[in-house]
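Numbering (my numbering), first residue to last: 471 to 915.
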Amino acid sequence: MTDAVIADRIQFAFTLMFHYLFPILTMGLAPLIVVLKTLHLLRRDEKYAAAARFWTRIFALNFAVGVITGIPMEFQFGTNWARFSAFAGGVIGQTLALEGIFAFFLESSFLGVLLFAEERVRPWVHWLSAVLVAAGALLSGLFITATNAWMQHPVGYRVAPDGTVQMANFWALLGNPFLWWQYLHVVNGAILTAAIVMASVGAYYLLSGKHTEFGRLSVALGVAVGAVFALTQLFPTGDMDSRNVTANQPLKLATMEGLFETRYGAPLAIIGMPDTTQRTLLDPVELPEALSFLAYGSFRAEVKGLNDYPRDLWPPVQLTYYAYHIMVGLGTIFIAVLTLGIVLWWRRALFTTRWFLWVLMLLLPFPYIANEAGWVTTEVGRQPWLVYGLLRTAAGASPTVVAGEAIFTLLGFAGMYALIGLLSLSLALRLVLQGPEEPAPATGR
């Protein structure tokens, strides 16, 4: 792989990972705003409307920054990955266009109603706008994940005489067996992120003694939703997504687990350090036969190790292995913390146990790290393929872009994104410090 291709990959990874910080929250927060709007509609309690307004402002800020930071990636397809665009544009162009035409416009149009028209439309119309914003956010995630799932497991295409691939069956693309569990795992992770953010902000208000009613509502909703989605992130979505990897990308599975030798009754590595020189996992702590059971449903099933594959087909082993274990480790911590929150709630101590509120507040950055680690596992573990089995990454890069140009523009993106990141963070902190509007007495409307 040339220096230029490595520079192109670093540049795209940087822009993608920065951009992904924002859709994670919007995609997960939108359904929670629908919950608050629904509670307001049913109970006629203004505190739910005030909470929905506060979180809609946070949503709008993330949506705007997500749009801004996503634009450079569209250009990178043409500048740095022109051969990939020429090869796969006949397929991925369809899903990316659908994302822009339908999902983005649905989300952005009704976000305007949600933000500015509460006093101008009936309550149920305002509630419907929240539902349509959530639908747009989730539909956007579906089309983007469908594009990625096709790159992980190409289906529904035909090879044209010029060697490019063209769409042969659009419904096969949406019925891709790799798509749905991957999509549900992504959405589940987004809702879990939003729930933890909501609980963290609520914990801050309770600890500081400000906006305590709103803080209790945010902690309660965040812990309740977070506990459910932390569990479903593990099973069934995480488990079924891993089974797709087992069936279609067994080399990635071996890399994620640091398994070098093919084993019957393969162990599950809890911790350890993969050493590609000695081709072994150093200082492992393992669960005997657990990997065979999780992958194939049998404790004695055979799991192929890295040594059974040509060395030039191995993904970067250490990066994939550590990213996967960071994701799983943080997911386990989320289950433990949020389950403890449910226990405290049951004992009527959730809103008064200060050490636990501190834990909730400090938990805020970790779902972002877990989501990013998940995408690193997915994307780096697919290497050296850009389109699995069809196009190698090195063959998809633009031949006219040299390493120096890619690094120069990467530095430009880094500077621009640092500025955007600081600005968005300061605006988010300002919104949190201002807090929600104090709810007016119930109107009975």
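Built from N, CA and C at the ideal position, the CB exists for glycine as well.
Which residues mark the beginning and the end of the alpha helix (DSSP H) in which residue i is found?
i	result
residue 780	Where residue 780 is concerned, there is no enclosing alpha helix (DSSP H), given that its DSSP letter is neither H nor E.
residue 641	640-644
residue 583	575-586
residue 537	516-549
residue 513	473-513
residue 593	593-622
residue 871	Where residue 871 is concerned, there is no enclosing alpha helix (DSSP H), given that its DSSP letter is neither H nor E.
residue 905	It is not in any alpha helix (DSSP H) - residue 905 carries neither H nor E in the DSSP assignment.
Out of the options, which has the shortest C-alpha to C-alpha gap to residue i?
i	options	result
residue 781	823, 513, 522, 725	725
residue 841	750, 523, 653	653
residue 863	553, 549, 875, 511	553
residue 490	633, 838, 560, 581	838
residue 903	597, 605, 679	679
residue 846	774, 714, 605, 785	785
residue 843	794, 881, 674	794
residue 588	899, 522, 681, 744	522
residue 744	559, 866, 776, 493	776
residue 735	742, 818, 759	759
residue 849	512, 615, 870	615
residue 796	742, 816, 809	742
residue 895	509, 873, 528, 513	528
residue 708	905, 658, 752	658
residue 809	533, 635, 699, 868	699
residue 571	607, 596, 597, 631	607
residue 706	783, 655, 761	655
residue 820	649, 483, 673	673
residue 580	631, 500, 541	500
residue 612	650, 722, 560	650
residue 578	530, 562, 822	530
residue 538	907, 597, 891	891
What is the rounded straight-line gap between the Cα of residue i and the Cα of residue j?
i	j	result
residue 488	residue 887	8 Å
residue 720	residue 728	12 Å
residue 801	residue 667	15 Å
residue 754	residue 717	25 Å
residue 901	residue 626	46 Å
residue 583	residue 599	6 Å
residue 517	residue 641	44 Å
residue 677	residue 686	11 Å
residue 789	residue 633	32 Å
residue 481	residue 610	23 Å
residue 544	residue 857	18 Å
residue 740	residue 757	7 Å
residue 915	residue 535	With a pLDDT of only 41 at residue 915, under 50, the local geometry of the prediction cannot be trusted, and the value read off the model is given with reservation. If I take the Cα positions, the gap works out to 35 Å.
residue 646	residue 526	33 Å
residue 852	residue 472	18 Å
residue 604	residue 662	15 Å
residue 750	residue 811	40 Å
residue 564	residue 643	10 Å
residue 514	residue 690	19 Å
residue 732	residue 861	27 Å
residue 702	residue 493	20 Å
residue 825	residue 692	17 Å
residue 854	residue 585	45 Å
residue 765	residue 804	23 Å
residue 574	residue 817	43 Å
residue 555	residue 547	6 Å
residue 670	residue 830	5 Å
residue 629	residue 618	19 Å
residue 713	residue 787	20 Å
residue 813	residue 832	19 Å
residue 623	residue 905	45 Å
Please name the residue or residues paired with residue i in a DSSP beta bridge.
i	result
residue 629	635
residue 920	The structure shown does not extend to residue 920, since the chain is modelled only from 471 through 915, so no value can be given for it.
residue 851	Paired residue(s): none; residue 851 is not in a bridge.
residue 882	Residue 882 is not bridged to any residue.
residue 560	636
Under DSSP, the beta strand (DSSP E) around residue i begins and ends at which residues?
i	result
residue 860	That residue, residue 860, is in no beta strand (DSSP E); it is neither H nor E in DSSP.
- Query: Could you give the uninterrupted runs of the alpha helix (DSSP H) lying entirely in the stretch 694-777, keeping only those of 4 residues or more?
  - Reply: Runs found: 709-718, 720-727, 760-766.
- Query: Could you give the uninterrupted runs of the beta strand (DSSP E) lying entirely in the stretch 797-838, keeping only those of 3 residues or more?
  - Reply: The stretch 797-838 contains no whole beta strand (DSSP E) run of 3 or more residues.
- Query: Fully enclosed by the stretch 637-692, which alpha helix (DSSP H) runs are 4 residues long or longer?
  - Reply: At a cut-off of 4 residues, the continuous stretches assigned as alpha helix (DSSP H) that sit fully inside the stretch 637-692 are 640-644, 649-678.
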